[in-house]
Amino acid sequence: MSLYRIKQFYWSITSKIELEDRKFIDKYLNNDEKKLFNKLSVYEQKHCINTARDVIKACKDAGIINEMLIKAALLHDIGKTCKKLNPIEKSLIVILDSISKGKLKKFSNIKKIDVYYNHAYKGYNILKDIGNYDDRFLYLIKNHHNNTIKEDKELDILKKCDSKN
């Protein structure tokens with residue numbers, strides 16, 4: 128796991144959005160969604176793009192076509208726009224969370240820690256307030272880190288692809 132975290136840190140400091148990435152975003156997001164997406168840090172944007180691309184592969188392997196799930200993958204971390212974490216801050220929170228075995232969550236009164244733990248719910252609220260999304264889409268956003276939900280094929284694909292990136 129620690130080697131994977133080192134890779135994630137490297138990816139975060141070297142991330143770039145290429146023309147191919149912009150074309151991908153244009154294919155799945157409307158103008159309002161792109162404005163929202165562009166509020167994410169570059170490394171979070173790249174993470175969401177990679178997650179969405181893996182969702183496409185997973186859907187293909189499962190024999191399904193699901194553009195709603197691809198859009199959910201692109202917007203799943205939109206709650207992180209509430210308070211951006213730079214790669215060093217995020218790494219420190221991940222390390223402290225691991226050392227404290229999740230007890231860091233008690234400090235959710237600190238905005239950056241709150242966003243780290245609660246970005247899924249914050250993203251759900253942001254998108255719900257826009258009002259253009261159905262309940263299923265919002266459910267996927269809100270629960271993409273919920274490990275108590277079992278046997279939800281679409282949510283499982285999103286969670287697996289998210290954790291891989």
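Numbering (the working numbering), first residue to last: 128 to 292. From the three backbone atoms N, C-alpha and C, an ideal C-beta is built for every residue, glycine too.
Open item on the list: What does the alpha-carbon distance come out to for the pair T275 and D241?
Closed with: 20 Å
Task: Three or more C-beta pairs below 8 Å linking the stretch 182-191 and the stretch 153-160 - done: no
TODO: Taking 8 Å as the threshold, find out whether the stretch 219-237 comes into contact with the stretch 277-284 through three or more Cβ pairs.
DONE: no
Task: Closest residue to L212 among I140, N252 and L282 (Cα-Cα distance) - done: I140
- [ ] Can you give me the start and stop residues for the alpha helix (DSSP H) that F264 sits inside?
- [x] D262 to K269
Task: Per-residue DSSP class, three states only, for L352 - done: Since the first and last residues shown for the chain are 128 and 292, residue 352 lies out of range.
- [ ] Have a look at D262 and C288 and give me their C-alpha separation to the nearest angstrom.
- [x] 21 Å
- [ ] Drop a sphere of 10 angstroms on the beta-carbon of D256, count the other beta-carbons inside from all chains shown, and report buried for 16 or more, exposed for fewer.
- [x] exposed
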